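**Student:** Before I ask anything, let me first share the structure, which is written out below as structure tokens.
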Amino acid sequence: MGPITVTAVIDFVTVVFVLATMLSMGLVLTTDEILISLGQRWLLTKSLLVNLVLVPLLTFAFVLAVPMETGHVVGLLLIVMAPGAPFGPKLAEISNSDVAFASGLMAVLGVVSVATIPITVALLMPGDVSAEPLGIARIVVVTQLIPLIGGLGVKARFQSVATRLHPLIQRLSTVLLVLLIILLTLVYAGEMRQLVGTGTLFISVAVVGAALLLGYALVARVKAREKSSPRRPPRETLPSRCSSPRRVSATQACSPSSLRSDSSVSSSRVRLRVSGADPAKRDPLQQWCLSVKGTL
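In this note's numbering, the protein residues as written are 124 to 419.
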């Protein structure tokens, strides 16, 4: 099998893996879950800052510090400039993390990267390398947004179909991920060995490690902030006892336990409502409540 055929197979497996992963995410999530997760504005802002600004700048600093071939520099910078790959939601699924936030963040990064990639390329990329925004937008929409939105639509309208399809699509995504890793390892093992001593592997490992540390520090700070910020207790409303037989049943409103637990409030309400009123016009339920209260 020639190199072109192998490359075509890898590209095909990659595209199918992306489609299956995003469709699987859509079949198990709902639009409300994704929107609620993205409602964490502080976490979303920091995630965008890390992916779009800090990691590219850190990689550019490494590239300036360690001499590398131009082709290796271009490839490494392109990887860090194009976030939003579906590996994030898949890894979140494998690690039992917040899949809704990972999927929503991937979608946001994919849309935002249409504008940020050309800008980052113009600022950091050496030589005359350029990026085509329409091509980037086409890839993001076709391979990521359409399957995600399609899965969400199936989940919203055909719950039973989504329940049956999700395990199959999820298993297909996992198998394709393993197959993709095996293919890349076998096909490019020789090229990987040639990178030893060039500084490319060192910078790649350093960038991945720094990105993981930034992500971990980001989540840790947000979680610590959530724990330190006190939450207001829910406002308690006193139940209306003996107010109307349509709203509260007699056994619930005038049970001895409920009258004892709130005797001062309930008795004052009963006195205000009943005292001074014509006994003949009293509500039968109120009269029964007063008779029960008098026996306590």
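Every residue gets a Cβ at the ideal spot worked out from N, C-alpha and C, and that includes glycine.
None of these values were measured; they are calculated from a predicted model.
Inspect the beta-carbon positions of ALA285 and LEU150 and report whether they are closer than 7 Å.
**Tutor:** Working through the sequence shown from its first residue, we reach residue 285 at position 162. Working through the sequence shown from its first residue, we reach residue 150 at position 27. Cβ atoms of ALA285 and LEU150: closer than 7 Å.
**Student:** Where VAL298 and PHE140 are concerned, what is the direct C-alpha to C-alpha distance, given to the nearest angstrom?
**Tutor:** Numbered from 1 along the sequence shown, position 175 holds the residue referred to as residue 298. Numbered from 1 along the sequence shown, position 17 holds the residue referred to as residue 140. C-alpha separation (whole angstroms): 9 Å.
**Student:** Whole angstroms are fine: how far does the CA of VAL231 sit from the CA of THR137?
**Tutor:** Taking the sequence shown and counting its residues from 1, one reaches residue 137 at position 14. Taking the sequence shown and counting its residues from 1, one reaches residue 231 at position 108. Straight-line Cα distance between these residues: approximately 21 Å.
**Student:** Have a look at VAL211 and VAL222 and give me their C-alpha separation to the nearest angstrom.
**Tutor:** One-based indexing of the sequence shown puts residue 211 at position 88. One-based indexing of the sequence shown puts residue 222 at position 99. Rather than Val, the amino acid found at residue 211 in this sequence is Gly. GLY211 and VAL222 have their C-alpha atoms spaced approximately 9 Å apart.
**Student:** Reducing DSSP to helix, strand and coil, say where GLN163 ends up.
**Tutor:** For the purposes of this step, residue 163 is taken as residue 40 along the sequence shown, with counting starting at 1. Coil, per DSSP.
**Student:** Do VAL235 and ILE259 come within 7 Å of each other at the CB atom, strictly closer than that value?
**Tutor:** By one-based count along the sequence shown, residue 259 stands at place 136. By one-based count along the sequence shown, residue 235 stands at place 112. Not in contact: ILE259 and VAL235 (Cβ atoms no closer than 7 Å).
**Student:** Under a Cβ-count criterion, where at least 16 other Cβ atoms within 10 Å of its own Cβ denotes burial, should PHE224 be classed as buried or exposed?
**Tutor:** Locating residue 224 in the sequence shown gives position 101, where the first residue counts as 1. By the 10 Å Cβ count, PHE224 comes out buried.
**Student:** Cα separation between GLY162 and GLY227?
**Tutor:** Residue mapping note: residue 162 aligns to position 39 of the sequence shown, counting from 1. Residue mapping note: residue 227 aligns to position 104 of the sequence shown, counting from 1. Taking the straight line from one Cα to the other gives about 10 Å.
**Student:** Between the Cα of THR154 and the Cα atoms of LEU187, ALA279, ARG164, which residue gives the shortest distance?
**Tutor:** By one-based count along the sequence shown, residue 154 stands at place 31. Nearest of LEU187, ALA279, ARG164 to THR154, Cα basis: ALA279.
**Student:** In this structure, how does DSSP classify ARG383 when only helix, strand and coil are distinguished?
**Tutor:** Sequence index remark: in the sequence shown, residue 383 carries index 260 (1-based). In this prediction, ARG383 scores a pLDDT of 45, lower than 50, which makes its location untrustworthy; the coordinate-derived value is nonetheless stated afterwards. Of the three classes helix, strand and coil, the one that applies to ARG383 here is helix, per DSSP.
**Student:** Which of helix, strand or coil does DSSP assign to SER253?
**Tutor:** To locate residue 253, count along the sequence shown from 1; it is residue 130. Three-state DSSP puts SER253 in coil, outside helix and strand.
**Student:** With a 10 Å radius around its C-beta and 16 neighbouring C-beta atoms as the bar for buried, classify ARG370 as buried or exposed.
**Tutor:** Translated into positions along the sequence shown, residue 370 becomes position 247. Model confidence at ARG370 stands at a pLDDT of 44, short of 50, so the residue's coordinates are unreliable; what they give is reported in the following sentence. Exposed, because fewer than 16 other Cβ atoms sit within 10 Å of the Cβ of ARG370.
**Student:** I believe LEU183 touches ALA329 by the beta-carbon criterion, under 8 Å. Please report the beta-carbon distance rounded to the nearest angstrom.
**Tutor:** Counting from 1 along the sequence shown, the entry for residue 183 is found at position 60. Counting from 1 along the sequence shown, the entry for residue 329 is found at position 206. A small correction: the amino acid at residue 183 is Phe; Leu does not occupy that position in the sequence shown. Their Cβ separation, rounded to whole angstroms, is 13 Å, which puts PHE183 and ALA329 out of contact at 8 Å.
**Student:** For the alpha helix (DSSP H) that contains SER226, what are its first and last residues?
**Tutor:** As a first step, residue 226 must be located in the sequence shown, where it is residue number 103. Looking at the DSSP string, the run of the alpha helix (DSSP H) that includes SER226 is 222-247.
**Student:** Are the CB atoms of GLY233 and GLN267 nearer to each other than 7 Å?
**Tutor:** Locating residue 233 in the sequence shown gives position 110, counting from the first residue. Locating residue 267 in the sequence shown gives position 144, counting from the first residue. In this structure, GLN267 lies closer than 7 Å to GLY233 by Cβ.
**Student:** Helix, strand or coil: how does DSSP classify TYR339 here?
**Tutor:** Position 216 of the sequence shown holds residue 339. The three-state secondary structure of TYR339, taken from DSSP, is helix.
**Student:** Can we say the segment 164-183 touches the segment 291-309, given the rule of at least three CB pairs closer than 8 Å?
**Tutor:** no
**Student:** To the nearest angstrom, report how far apart GLY313 and HIS195 are at their CA atoms.
**Tutor:** As a position in the sequence shown, residue 313 is number 190, starting the count at 1. As a position in the sequence shown, residue 195 is number 72, starting the count at 1. Using only the alpha carbons, I get a separation of about 15 Å.
**Student:** Check GLY276 in the structure and name its three-state DSSP category.
**Tutor:** Against the sequence shown, residue 276 aligns to sequence position 153. In this structure, GLY276 counts as helix in the three-state DSSP scheme.
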